[in-house]
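Our numbering puts the sequence shown at residues 9 to 415.
What follows is a single structure, written as structure tokens, with notes after it.
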Amino acid sequence: MTPRAQPPGPTPIMVPTHVDLPFATLPEITLILDALGDARFVGGVVRDAILGRARGDIDLATPLHPEDVIGRLRDAGIKVVPTGLGHGTVTAISGGMVVEVTTLRRDVATDGRHATVAFTTDWLEDAARRDFTMNAIYADRDGLLYDPMRGWRDLMAKRVRFIGEPRARIGEDYLRILRFFRFSAWYGGGGVDEAGLAACSDAQAGLDYLSAERVRAELLKLLAAPDPMPGLYAMEKTGILQRLVPGPHRIDSLGALILAEHILDQADPIRRLGVLAGPASLLGEKLRLSNAETDRIHGFQALPSVQGLDESALRRLIQTHGHVAVIDRILMDRPTRWRDLISRLNGWEKPVFPLKGQDALNLGLKGRAVGLALRMVEEQWIASDFSLGRDVLLGLLDKVARDVAWS
9 MTPRAQPPGP TPIMVPTHVD LPFATLPEIT LILDALGDAR FVGGVVRDAI
59 LGRARGDIDL ATPLHPEDVI GRLRDAGIKV VPTGLGHGTV TAISGGMVVE
109 VTTLRRDVAT DGRHATVAFT TDWLEDAARR DFTMNAIYAD RDGLLYDPMR
159 GWRDLMAKRV RFIGEPRARI GEDYLRILRF FRFSAWYGGG GVDEAGLAAC
209 SDAQAGLDYL SAERVRAELL KLLAAPDPMP GLYAMEKTGI LQRLVPGPHR
259 IDSLGALILA EHILDQADPI RRLGVLAGPA SLLGEKLRLS NAETDRIHGF
309 QALPSVQGLD ESALRRLIQT HGHVAVIDRI LMDRPTRWRD LISRLNGWEK
359 PVFPLKGQDA LNLGLKGRAV GLALRMVEEQ WIASDFSLGR DVLLGLLDKV
409 ARDVAWS
């Protein structure tokens, strides 16, 4: 891309001429652009287009007032959801495509968690209130760029840099501490900006004011990065990691897991979180994980090491603990020929236990004794590597039934 000079203004800089935005010509998007008239793509969709990465969410910025935005979109037959009118944001839904449209704004007051904003028609004011320079790159529908904060240069240099004074930006929203580490993992090229890191370290007490849900979301996005290790080491060095998640922290173990995941192309932030820290119960409470996420982490944390276990033993573990927990544990421990084991176990279907509750009822068992007897027989069936047939199992159940009834 050939640089060109920005027209005279407060911060004239050199920017590339344009970026290719193939999505901008989609009929669903052109309908929105035509309705608004004056709008530019901004943030991640521009940043990732410059880098040639897959497109994520589409965000538009416009000097139009939110009520004007709503009216124009509805007049064009576009569905509008007022998702954040207080901050000037509406969601446009066009032919199944979802686009967030936000009016240009400036911060009037901030408290580290929330901001009071005023709408503006000044693109530079809007850019100045954003967090990182690479998030303040705008592009019109033709791909022409407006880059008042030198974000393109930082993006190309793999440098995640706060706009203006880092401490001031963080004081406006303490979540920016976590966003700094997350963006460094995704766009920092293995490094962390020292000025930003120092500011994050100094302001880390502000993290205590954030909701667990916001912390959880950012932490999982960080852990989903191809290589979150430099950011995690920096977080540990500053004490931020200890503030966020219960220890002990196993960053080196996580690094080994990530290498294994790369081989299989199976990055998983929940598995990474469970390897990094724990136990599951404390992680679930601290980060407000869902029950399914907490159970997932507990599942592989509770399993003993699978080092030295053969495929038959691993199949028996799968029968009682499930595929996910056992595969997670194999990736943690990486026993001999672990890739072959995972490949074969992924293709193995758990056999169905041949006996049912009715079989126990037919033998006169009732209530809790039914489940207890079936579990005792099922354990013997699993121990036989699932080789015992129904007739043999019925005989075992009859014997167990007599013992249970006697007891």
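Using N, Cα and C, we set each Cβ at its ideal position, and we do this for glycine too.
Residue burial annotation: Gly-51 is buried, with at least 16 other C-beta atoms found within 10 angstroms of its C-beta. Scanning its chain for C-beta atoms nearer than 7 Å, with the 5 sequence neighbours on each side dropped, one finds around Phe-191 the residues Phe-140, Val-168, in chain order.
Residue Gly-179 holds the alpha-carbon nearest to the alpha-carbon of Asp-115 among Arg-161, Leu-163, Gly-179.
Note on geometry: alpha-carbon atoms of His-122 and Asp-181 lie some 7 Å from one another. Residue Pro-234 holds the alpha-carbon nearest to the alpha-carbon of Leu-262 among Leu-252, Pro-234, Phe-170.
Distance check between Leu-215 and each of His-306, Ala-381, Arg-187 places Arg-187 closest, using alpha-carbon atoms only. Secondary structure note for Met-105: its beta strand (DSSP E) is the uninterrupted segment 105 to 111. Pairwise C-beta distances place the region 125 to 145 in contact with the region 69 to 83, as three or more of them are shorter than 8 Å. Look at the beta carbons and you see the region 236 to 255 touching the region 195 to 213: at least three pairs across the two are nearer than 8 Å.
By the Cβ-count criterion, Trp-389 is buried, with 16 or more other Cβ atoms from all chains shown falling within 10 Å of its own Cβ. Under the three-pair Cβ rule at 8 Å, the region 152 to 163 does not count as touching the region 95 to 108. Taking 4 residues as the minimum length, the alpha helix (DSSP H) runs contained wholly in the region 280 to 311 are 288 to 295, 299 to 309, in order along the chain. Spatial neighbours of Pro-343 in its own chain (CB-CB distance under 8 Å, excluding positions within 5 residues in sequence) are listed in chain order as Val-314, Gln-315, Gly-316, Leu-317, Leu-349. Pairing Leu-363 with Leu-404 gives a Cβ-Cβ distance that is not under 7 Å. Contact annotation: Ile-338 and Trp-346 have beta-carbon atoms nearer than 7 Å. Cα atoms of Ala-285 and Pro-254: separation of roughly 6 Å, rounded to the nearest angstrom.
Scanning Gln-250, Arg-63, Leu-290, Asp-341 for the CA closest to the CA of Ala-213 turns up Gln-250.
Here Pro-256 is actually not in contact with Gly-199; their C-beta atoms are around 26 Å apart, not less than 8 Å.
Apart from sequence neighbours up to five positions away, the residues of its chain that approach Trp-356 with a beta-carbon distance below 8 Å are Arg-323, Ile-326, ordered along the chain. Judged by DSSP in its simplified three-state form, Thr-38 adopts helix.
Taking C-beta separations shorter than 6 Å and ignoring five residues to either side along the sequence, the partners of Met-142 in its chain run Arg-55, Gly-159, Asp-162, Leu-163, following chain order. CA-to-CA, the gap between Leu-267 and Asp-303 works out to about 24 Å. Comparing alpha carbon positions, the residue from Asp-367, Asp-148, Gly-197 closest to Lys-166 is Gly-197. Residue environment for Pro-236: buried (at least 16 other C-beta atoms within 10 angstroms of its C-beta). For Ser-209 and Asp-273, the gap between their C-alpha atoms comes out near 33 Å.
Nearest Cα to Ala-144 within the set Leu-152, Gly-151, Pro-156: Pro-156. In the assembly as shown, Arg-61 is an exposed residue. Its beta-carbon has fewer than 16 other beta-carbons within 10 Å. Contact between Val-223 and Leu-252 holds: CB atoms are separated by about 6 Å, below the 8 Å threshold. Where Leu-68 is concerned, the enclosing beta strand (DSSP E) starts and stops at 66 to 70.
Residue environment: Ala-220 is assigned as exposed (fewer than 16 neighbouring CB atoms within 10 Å of its CB, all protein chains considered). Residue pairing by DSSP leaves Lys-374 without any beta bridge partner. Scanning the region 321 to 408 for uninterrupted alpha helix (DSSP H) segments of 4 residues or longer gives 331 to 341, 346 to 354, 365 to 370, 376 to 391, listed from N- to C-terminal end.
Judged by DSSP secondary structure, Lys-245 falls within the alpha helix (DSSP H) whose first and last residues are 237 to 246.
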